[in-house]
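Quick mapping for you: the protein sequence lines, in order, are chains A and B.
Following the working numbering, the numbering of the first sequence begins with 45 at its first residue and continues without gaps.
Following the working numbering, the numbering of the second sequence begins with 98 at its first residue and continues without gaps.
Glycine included, each C-beta is placed from N, C-alpha and C at the ideal position.
This report refers to the structure that appears directly beneath it.
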Amino acid sequence: MRDDFVLLQALQNRDKRALVEVFDKYAPAVFRYAFRLCGSATEADDVVGDVFMQLLEQIKNGRGPRDNLRAYIYQMAYHRIVDKSRREKHLAELDDNIRQTPSDTPASRYERTAVYEIILAAIQAYLTEDQQHVVLLRFFEGLSVHDTATILEKDDNNIKVIQSRGVAKLRQVLDIELMKEIL
Amino acid sequence: MSEHESVNDQEVIALLESQKDTHITYPQELFEKRRHAFLHGVAALGVTLIAWSLLGSKGVIKISELTQLGIKILLTVAAVEVLAVSYVYRDKIRDFLIPPTPVAVSPQLQPYQQPTASNAVKASPYPTPSLAPSLTPEPSSTAVVLSTRFAPGASQPAGAAVQVTPTEDGPPYSYGLTKTPKPGGGQDNDNNQGNSTDSETKPDK
Numbered sequence: 045m046r047d048d049f050v051l052l053q054a055l056q057n058r059d060k061r062a063l064v065e066v067f068d069k070y071a072p073a074v075f076r077y078a079f080r081l082c083g084s085a086t087e088a089d090d091v092v093g094d095v096f097m098q099l100l101e102q103i104k105n106g107r108g109p110r111d112n113l114r115a116y117i118y119q120m121a122y123h124r125i126v127d128k129s130r131r132e133k134h135l136a137e138l139d140d141n142i143r144q145t146p147s148d149t150p151a152s153r154y155e156r157t158a159v160y161e162i163i164l165a166a167i168q169a170y171l172t173e174d175q176q177h178v179v180l181l182r183f184f185e186g187l188s189v190h191d192t193a194t195i196l197e198k199d200d201n202n203i204k205v206i207q208s209r210g211v212a213k214l215r216q217v218l219d220i221e222l223m224k225e226i227l
Numbered sequence: 098m099s100e101h102e103s104v105n106d107q108e109v110i111a112l113l114e115s116q117k118d119t120h121i122t123y124p125q126e127l128f129e130k131r132r133h134a135f136l137h138g139v140a141a142l143g144v145t146l147i148a149w150s151l152l153g154s155k156g157v158i159k160i161s162e163l164t165q166l167g168i169k170i171l172l173t174v175a176a177v178e179v180l181a182v183s184y185v186y187r188d189k190i191r192d193f194l195i196p197p198t199p200v201a202v203s204p205q206l207q208p209y210q211q212p213t214a215s216n217a218v219k220a221s222p223y224p225t226p227s228l229a230p231s232l233t234p235e236p237s238s239t240a241v242v243l244s245t246r247f248a249p250g251a252s253q254p255a256g257a258a259v260q261v262t263p264t265e266d267g268p269p270y271s272y273g274l275t276k277t278p279k280p281g282g283g284q285d286n287d288n289n290q291g292n293s294t295d296s297e298t299k300p301d302k
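Here it is in structure tokens:
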């Protein structure tokens with residue numbers, strides 16, 4: 045599989061095979077990112093579909109990624125997840141029965157590690173929307189501060205502040221010593 | 098932020114990063130369906146995308162080169178059009194750029210001729226009447242009055258023109274004429290101008 049720079053050049057030349065390569069490389073990553081935030085495989089799959097259909101439209105209209113393919117794809121996923129989250133939040137306000145508690149999310153079907161489930165539940169329950177995205181992108185997806193800032197369309201220093209507050213919140217709610225013992 | 102909190106934050110970060118490799122698999126069935134839909138979307142991009150991708154992938158010609166080539170072709174066509182139009186309208190352009198020089202008309206001097214008997218001005222002992230109307234109307238001694246009321250005993254019908262000749266005494270129907278006041282005479286009254294008595298209108302003899 046070609047690296048991002050070569051794929052980017054091929055996409056700018058509208059290489060059809062490069063599009064398929066980009067899908068094979070980034071669809072699982074987008075799925076993981078969306079799954080950790082949505083907690084549903086179906087919803088995460090919808091996010092993947094939306095992201096890559098939008099990528100096709102961008103390529104078709106002569107736009108698309110220019111310099112950072114990975115950040116570009118994660119940015120599209122971020123916007124989709126945020127839109128979906130806000131829409132569901134609006135629906136949940138209309139009917140509280142729709143709201144799912146973190147403990148009964150379908151994530152338990154895919155993750156067998158208890159620590160992982162606790163951390164994910166804490167992230168979903170206690171962190172703000174921006175903090176959730178920053179923590180997941182920085183520590184679970186391994187993106188740099190600059191790439192995360194590009195995805196969230198914020199300043200680098202702003203991302204550092206959001207990250208610091210999110211980690212501080214997790215420190216308060218997680219029993220670190222207990223988790224160390226488990227691990 | 099205290100040092101203790103900072104150390105705890107580092108522990109949290111280490112804990113989060115340890116979960117980075119937690120295996121989350123894209124369910125194969127969902128992945129295949131999504132990939133199939135994506136390939137269908139790629140194919141549906143149209144003939145244009147396929148042509149572009151074929152040209153681009155085989156290195157036959159690059160998009161940037163095509164763009165430059167297109168610009169060059171357009172510029173060449175535009176230049177040829179300008180040349181053709183200027184050739185067709187070359188006369189008008191020449192007239193516009195180089196206006197025609199005006200021909201100088203030199204006044205022709207007529208030789209002086211002695212006046213002869215034929216072209217000499219014949220003097221007339223009588224003044225030539227001018228046809229131009231005079232601005233100052235000449236005073237007329239007669240006035241034409243159209244009247245619907247006629248003098249009693251007259252034979253002319255009503256509405257006929259009556260020629261009135263002013264006299265020194267002033268006839269009783271001398272309308273429009275101002276009598277010259279006589280010294281010692283009474284003042285005319287506008288209200289009973291037509292019915293004035295003889296003592297008032299008759300000048301003193």
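Which residue's Cα is closest to the Cα of residue i: the options?
i: histidine 177 of chain A; options: A/Ile103, A/Asn201, A/Tyr118; result: A/Tyr118
i: phenylalanine 67 of chain A; options: B/Lys130, B/Leu166, B/Leu112; result: B/Lys130
i: lysine 104 of chain A; options: B/Val139, B/Gly167, B/Ile168; result: B/Val139
i: alanine 158 of chain A; options: B/Ala111, B/Asp106, B/Gln107, B/Thr119; result: B/Thr119
i: lysine 204 of chain A; options: A/Val64, A/Leu218, A/Asp94, A/Phe183; result: A/Phe183
i: threonine 122 of chain B; options: A/Tyr77, A/Ala54, A/Gln102; result: A/Tyr77
i: asparagine 57 of chain A; options: A/Asn202, A/Leu81, A/Gln102; result: A/Gln102
How about residue i and residue j: do their beta carbons lie closer than 9 Å?
i: lysine 213 of chain A; j: glutamine 168 of chain A; result: no
i: tyrosine 116 of chain A; j: glycine 106 of chain A; result: no
i: valine 211 of chain A; j: valine 104 of chain B; result: no
i: isoleucine 163 of chain A; j: glutamine 107 of chain B; result: no
i: phenylalanine 75 of chain A; j: phenylalanine 135 of chain B; result: no
i: asparagine 112 of chain A; j: threonine 194 of chain A; result: yes
i: leucine 52 of chain A; j: arginine 110 of chain A; result: yes
i: tyrosine 70 of chain A; j: arginine 114 of chain A; result: yes
i: valine 92 of chain A; j: alanine 62 of chain A; result: no
i: leucine 100 of chain A; j: leucine 142 of chain B; result: yes
i: proline 124 of chain B; j: alanine 165 of chain A; result: no
i: alanine 54 of chain A; j: glutamate 65 of chain A; result: yes
Where does residue i fall in DSSP's three states?
i: threonine 145 of chain A; result: Any answer about threonine 145 of chain A is weak, because its pLDDT of 44 lies below 50 and its placement is not dependable; what the coordinates show is given next. Correct three-state label for threonine 145 of chain A: coil.
i: serine 188 of chain A; result: coil
i: glutamine 116 of chain B; result: coil
i: tyrosine 209 of chain B; result: coil
i: threonine 122 of chain B; result: coil
i: glutamine 107 of chain B; result: helix
i: isoleucine 195 of chain B; result: coil
i: aspartate 295 of chain B; result: Since pLDDT at aspartate 295 of chain B reaches only 45, below the 50 mark, its modelled position is unreliable, and no value is offered.
i: lysine 130 of chain B; result: helix
i: valine 208 of chain A; result: The residue you asked about is not valine; residue 208 of chain A is serine in the sequence shown. If DSSP states are grouped into helix, strand and coil, serine 208 of chain A belongs with the helices.
i: serine 84 of chain A; result: coil
i: glutamate 101 of chain A; result: helix
i: glycine 138 of chain B; result: helix
i: aspartate 174 of chain A; result: helix
Taking the beta carbon of residue i as the centre, do at least 16 other beta carbons fall within 10 Å, making it buried, or is it exposed?
i: arginine 143 of chain A; result: With a pLDDT of 42 at arginine 143 of chain A, under the threshold of 50, the modelled position of that residue is not reliable, and the figure given next carries that caveat. Arginine 143 of chain A comes out exposed.
i: alanine 181 of chain B; result: exposed
i: glutamine 207 of chain A; result: buried
i: alanine 151 of chain A; result: Because the pLDDT of alanine 151 of chain A is 47, which lies under 50, any placement of that residue in the model is unreliable, and the number read from its coordinates should be weighed accordingly. The residue in question, alanine 151 of chain A, is buried, as its Cβ has 16 or more Cβ neighbours within 10 Å.
i: glycine 83 of chain A; result: buried
i: valine 179 of chain A; result: buried
i: lysine 169 of chain B; result: exposed
i: tyrosine 186 of chain B; result: exposed
i: tyrosine 160 of chain A; result: buried
i: threonine 185 of chain A; result: The sequence as given places glutamate at residue 185 of chain A; threonine does not occur at that position. It counts as buried.
If residue i sits next to residue j, beta carbons under 8 Å apart, how far is it from one beta carbon to the other, in whole angstroms?
i: phenylalanine 79 of chain A; j: alanine 88 of chain A; result: 4 Å
i: glutamate 173 of chain A; j: valine 126 of chain A; result: 7 Å
i: valine 189 of chain A; j: aspartate 199 of chain A; result: The pair is not a contact, with the Cβ atoms about 10 Å apart (cut-off 8 Å).
Check whether the Cβ of residue i sits closer than 8 Å to any heavy atom of the ligand FMN, and report yes or no.
i: tyrosine 186 of chain B; result: Here there are no bound small molecules, and the ligand FMN is not part of this structure.
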